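The structure appears right after this line, and notes come after that.
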Amino acid sequence: MPSHRTPRFQLQRLTRWSDREPRRLFWPWVACVMVTNMIAAMAVGIPMFVGIARNMAAFAEAHPERATVTSGPGHYSVQIDGPVPPDLMLQPMRWFVPLVAIVAIVSVLFLAAAVVRRLHDSGRRGYWGLLPLPFLVTGMIVFGQLFSRIGTGNEPPDMAPFALMFGNNILYLASLGVLIVQLSRPSDPGPNRFGPPLA
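Numbering-wise (the numbering used here), the sequence shown opens with residue 48 and increments by one.
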């Protein structure tokens, strides 16, 4: 395999913001980062879900009058009647939002320079790569604030932050779509203002 097609080649270029990068090198790197991202997200999410399930099972055992437990080959279900103490869910979830934010930030850092080089390859400025960033940051902040309010009061939840997050997510997906279209454009066949094509 040619050295420029390996992840090691891309790792050596993490801070190289100049030059160009053709689609044949860019998209395999994106796939590598996304697979790593999914593995990291599972590593963050699975312990949280296991902790919630463990807490619910312990609550059902301590309060059998409020719980219906069904189990069989390949399944286990706990149904709680009435309100559940928020700590049953919040305690295992306390690190979820910060860890998801860290995974997202690391993914952005691993892709940033490659995105700029890919945009350069089709004659576009690297600033196009910033398009989804404000919506990603806003989504993380609003999600963190919403998450911190779970179980903190008996009043009905304020739906305005949910509406803000929904609108922000739509704008994020739209901006990401625009960026993907720009990243998918063909390479300029010869030298452009960002230099010659990568050999």
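Here a beta-carbon is modelled for each residue, glycine too, at the ideal position from N, C-alpha and C. It should be emphasised that the depicted structure is a prediction, and the values quoted were computed from it without experimental measurement.
- Annotated as proximal: VAL144 and PHE194, with beta-carbon spacing under 7 Å.
- When C-alpha distances from ASN239 are compared across ALA160, ARG101, GLU68 and GLY121, the shortest belongs to GLU68.
- In summary, LEU156 is exposed, with fewer than 16 beta-carbon neighbours lying within 10 Å of its beta-carbon over all protein chains present.
- In this structure, the straight-line span from the alpha carbon of GLY173 to that of LEU180 is close to 13 Å.
- Looking from the CA of TRP142, the closest CA among VAL163, PRO233, GLY92 and GLY237 belongs to GLY92.
- GLY170 sits in coil when the DSSP states are folded into three classes, being neither helix nor strand.
- ALA114 sits in a strand when the DSSP states are folded into three classes.
- By the neighbour-count criterion, in which a residue is buried when 16 or more other Cβ atoms sit within 10 angstroms of its Cβ, SER234 is buried.
- A direct Cα-Cα distance of roughly 20 Å separates ARG55 from VAL150.
- The beta carbons of GLY176 and LEU166 sit about 6 Å from each other, so the pair counts as a contact at 8 Å.
- Between LEU211 and VAL189, the CB-CB gap stays under 7 Å.
- DSSP, read as helix, strand or coil, puts VAL125 in strand.
- Contact annotation, MET103 with LEU146: C-beta distance approximately 21 Å; criterion of less than 8 Å not satisfied.
- With respect to the C-alpha of GLU112, the residue from GLY129, GLY121 and ARG164 having the closest C-alpha is GLY129.
- Between the alpha carbons of ASP205 and GLY214 lies a gap of roughly 16 Å.
- Within the same chain, SER169 come within 6 Å of ARG232 by CB-CB distance, once the 5 residues on both sides are set aside.
- Going by beta carbons, GLY98 and PRO139 fall inside the 7 Å limit.
- If you check the CB distance, ALA159 and ARG63 do not come in under 7 Å.
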